[in-house]
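Heads up, the thing below is written out as structure tokens.
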Amino acid sequence: MELTFWLVRSLGIVAGVALVTALIAILRGLLTVPNLAPLYLLTVIQSAVSWGWWPALASAVLAFLAYNFLFVEPIYTFTIHDPQLALELLVFLAVAAVTSNLAARERARREEARERAQEATLLYAVGRALASRPLEDALGEVAELLRETLHLRGCAILLAGRDGQLEPKVSIGELDGQFTEAPAEWLLARPRFDQPARRWIAVRRTGPHRRAASHQVPLRVEERPVGVLRLSAPPGGLRPQAARLLATVAEQLAAAIERERLRQAANQAELLRRTDELRAALLSSVSHDLRTPLAAIKASVGSLLQRDVAWSEADRQGFAEAIDREVDRLDRLVRNLLDMSRIEGGALRPRLEWYDLAELVREVAARLAPILAEHPLKLDLADDLPPVQIDYLMIDQVLTNLLENAAKHTPPGTRVEVTLTGEDESVRVCVADDGPGIPPQAAGGIFDKFQRANRKGGPAGSGLGLAVSRGFVEAHGGRLELKSASGGATFCFSLPLEPRSSELQAPIDQSELQTRNPKLKTTP
Amino acid sequence: MSGARILVVDDEPEIRRALKANLTGHGFEVTAVASGEEALAEAARAHPDLVLLDLGLPDLAGLEVCARLREDQIEAPIIILSVQEEEEQKVSALDQGADDYLTKPFGMNELLARIRVALRRAGGSSRSGQALLKLGDLELNLERRLVSMRGAPVHLTPKEYEMLRYLAANAGKLITHRTLLRAVWGAEYEDARQYLHVFVAQLRRKLEEDPAHPRYLLTEPGVGYRFESPA
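So the sequences go chain by chain: A and B.
So for the first sequence, the working numbering puts the first residue at 3; every next one is plus one.
So for the second sequence, the working numbering puts the first residue at 801; every next one is plus one.
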């Protein structure tokens, strides 16, 4: 490769000199100019502009020799008899040297300006890619940009994993095999402070040709290795300027990788914080919900125990009934808590049997009559529906939760309606109330655990009912949805007439269920 | 005392029912409401002798109800009912003029005792106008600023005396840290709780037979102090 490179240059120089020599040979026949040697300046300056000073000097010397040999008496020797001509030719050499030097410097300046522009463009593009795109995508783009700008044969970026092992993230083009066995000691070796910046890049020359090198650039954040950038240099090798560029890109890459790591750490912290919040919500809602019925029970029991008042039979009956109702309420709460843990544990297997849904609705409505005492209940049940396969206890619980919610969250005297309708492949149960509805901002998360539409004040509730209900309905391959939120809330669930067995086995989506309270994990 | 009119404010129907039945049985005249707005309206209409106020109400925070009752010149004692998690709100409510609190679930006998103390205090209100305060074995001569315990004179510093006078004048009532600091040291000291601990310890050494088990100067953990007059 390098041979061809030199060959091309040498041939170019020789060809240039030959061309001018031929021109001089022709002109000598037409004109009577004593010295045509300055014409060689054409090719000398051309060489200087194209290849730099040394090729230009070579070109000047060659031209001097050629002119001397071919056109200066005695012809075909390298001797010069005419001292004036000798002087002129020496002046030509000097002029050629000076002008070509100027031209070569100009060329170098231009080259440098172009490179700087290229570097700036590259750094800008790298910075933008790293700032605006996810790290994995950005790394690919950076590798591509480097390959284009530095004419690399190949480029790869590897990141240090948690255990210090290098993981390849991006690899494009052809990379020399030596890198596949990751020389981890390079990464871990501490850089020496006395090393000049250019040496910061670990350069390893490999391969059959001396200049066809492979390079490895460590990516570090404050001395800590976070990855490496590997590249296979182009045929001519990398120019020294590339080292500076690579060092800058490496810094940007390292910073971006560190940023990503910090972002992930922040996400992790945020997740933990939210888990904590959820746990706090659980504690406060569960303790409130457990204590409120306990307070009512204690007040009633305390009253019954007091000997200073002679309670009438009706009073005693009233206290006892209150205790009975509140114990039922506690029982429902505990059941919801246990069900939630069963759902989260994935231990939910409905025991399906054929039931008439209309019958179930009537039974639940009758059982909840005390709770619904202040609400006129309307049942609109299609009676021509086929029986469906359900787990009676689960669907009972779903309907109980929905009705209890309707009673709890609406003012006394407002209507509650249950409808049962048949659809093509499913049956549908809706519970509608005439209450205040659900604020839009709360509707989205209404099925999340420990969510209540009105957190501040508002009727107490564990925020478990809807989450549990949804889990149960989904375990049947059905869906529970909030149908209408304004002008009263309407919750509907549909159950398939032919349960799909695959869905029955599917555990509940674990991503929704971030917290688990180990204490609650009693799987019956 | 019997026949006093009590306003019960709680959004839990079962608690309202139980309280109403029990307090009616004990000879009180009880009105029960479920929300803060109803409570304000009822209080303005009927001027109850005492208010039992739940902190977790659906419409207004119990705290706000408390403040607005006082704004409306309702001077009836307010007893806060709260679950344990509402600790901070409870203290704020006491700072804003509530007289006492009970944590749910509470015993009926304790509630009745608190109601009686609050009503008695409200009834014999102008204790501060008396020249001589007698509480158990403690005597305070307010005109001459003299204190004696079981007949023996007790020497108090001016601040100790101020503190004892304020607590004794409000005997039976729960006084929050903040209220006590404001009354004795002034509003700018209302967060300087460390003063209280020191002065209360000194007062106990001078007044109590066994300062480790005080009978007069009782601590309500995290809330404040209560001066009891042992029967």
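We treat Cβ as the ideally placed atom computed from N, Cα and C, and that holds for glycine.
Does any residue of chain A bring its CB to less than 8 Å from the CB of Ser926/B?
Unreliable positioning characterises Ser926/B in this predicted model, as indicated by a pLDDT of 48, which lies under 50. The coordinate reading is nonetheless provided below. So, not an interface residue.
Going residue by residue through the region 359-397 of chain A, where are the continuous alpha helix (DSSP H) segments of at least 4 residues, counting only ones entirely within it?
359-369
Which chain A residues sit within Cβ distance under 8 Å of Ala818/B?
The contacting residues are Ala298, Ala301, Ser302, Ser305, Phe321 and Ala324.
Check each candidate in Lys959/B, Ala832/B, Pro813/B and Trp985/B and name the one with the smallest Cα separation from Leu852/B.
Ala832/B
Val1/A: which of Leu292/A, Cys494/A and Arg11/A sits nearest, CA to CA?
Coverage of chain A is limited to positions 3 through 526, which leaves residue 1/A absent and any answer about it impossible.
Applying a beta-carbon distance threshold of less than 7 Å, which residues of chain A neighbour Phe767/B?
Any property of residue 767/B remains undetermined from this structure, which presents chain B solely from 801 to 1031.
Thinking just about the alpha-carbon of each residue, which of Gly229/A, Ala99/A and Ala244/A is nearest to the one in Leu255/A?
Gly229/A
For Gln512/A and Glu346/A, what's the separation of their Cα atoms in angstroms?
The pLDDT assigned to Gln512/A is 40, lower than 50, so where the model puts this residue is not dependable; a value taken from the coordinates is nonetheless given after this. Roughly 7 Å separates the two Cα atoms.
Give me the DSSP bridge partner(s) of Phe1027/B.
Leu1017/B
Taking the alpha helix (DSSP H) that Leu177/A falls in, what are its first and last residues?
Note, Leu177/A: premise wrong, no alpha helix (DSSP H); not H, not E.
For Arg334/A, does the count of other Cβ atoms within 10 angstroms reach 16, so buried, or fall short, so exposed?
Buried.
Under 7 Å Cβ to Cβ from Asn37/A, same chain only, skipping five residues before and after it: list those, please.
Taken in chain order, the residues that qualify are Leu87 and Glu90.
Can you give the Cα-Cα distance for Leu482/A and Ile448/A, rounded to whole angstroms?
11 Å
Name, going along the chain, the residues of the region 830-863 of chain B whose beta-carbon falls closer than 8 Å to a beta-carbon of chain A.
Sequence-ordered contacts of the region 830-863 of chain B with chain A read Gly856, Leu857, Pro858, Asp859, Leu860 and Ala861 [C-beta pairs closer than 8 Å].
What residues of chain B sit near Arg369/A, judged by a beta carbon separation below 8 Å?
Those within 8 Å of Arg369/A in chain B number zero; the least Cβ separation is about 18 Å.
So, do the region 265-276 of chain A and the region 144-163 of chain A have three or more beta carbon pairs nearer to each other than 8 Å?
no
For the alpha helix (DSSP H) holding Ala445/A, just list the boundary residues, first then last.
It spans Pro442 to Ala445 - the alpha helix (DSSP H) in which Ala445/A sits, taken as one unbroken run.
Comparing alpha-carbon positions, which option in Glu121/A, Leu296/A, Leu72/A and Arg417/A lies nearest Ala434/A?
Arg417/A
Of all the CB atoms in chain A, is at least one closer than 8 Å to the CB of Val883/B?
yes
Identify the contact partners of Glu328/A in chain B, using a Cβ-Cβ distance below 8 Å as the criterion.
Glu814
Does Val311/A come within less than 8 Å of chain B when only Cβ atoms are used?
yes
Near Phe906/B, what residues of its chain come up, given a Cβ to Cβ distance below 8 Å and the 5 sequence neighbours on each side ignored?
Leu881
Counting only beta-carbon atoms, is Ala462/A nearer than 8 Å to chain B?
Because the pLDDT at Ala462/A is just 48, under 50, the model does not fix this residue reliably, and the value given afterwards should be weighed accordingly. Chain B contact via Cβ: present.
Going by DSSP, what residues sit across from Cys866/B in a beta bridge?
Paired residue(s): none; Cys866/B is not in a bridge.
Quick one: using the 10 Å Cβ neighbour count with 16 as the cut-off for buried, is Glu812/B buried or exposed?
Label assigned to Glu812/B: buried.
I'd like to know whether the C-beta of Asp436/A is nearer than 8 Å to at least one C-beta of chain D.
This model lacks chain D altogether; the protein chains it does include are A and B.
Would you tell me roughly how many angstroms separate the C-alpha atoms of Leu381/A and Val303/A, rounded to the nearest one?
Spanning the two alpha carbons is a distance of roughly 36 Å.
Shorter than 8 Å from the beta carbon of Gly972/B to some beta carbon of chain A?
no
If you drop the 5 nearest sequence neighbours on each side, which residues of the same chain put their C-beta closer than 6 Å to that of Glu361/A?
none
Tell me, please, whether the CB atom of His478/A is closer than 8 Å to any CB atom in chain B?
no
Taking buried to mean at least 16 other C-beta atoms within 10 Å of its own C-beta, is Ile47/A buried or exposed?
Label assigned to Ile47/A: buried.
Against Arg293/A, what residues of chain B qualify as contacts under a CB-to-CB distance less than 8 Å, listed in chain order?
What Arg293/A touches in chain B: Val883, Gln884, Lys904 and Pro905.
What does the Cβ neighbour count give for Arg222/A, buried or exposed, with the cut at 16 atoms within 10 Å?
buried
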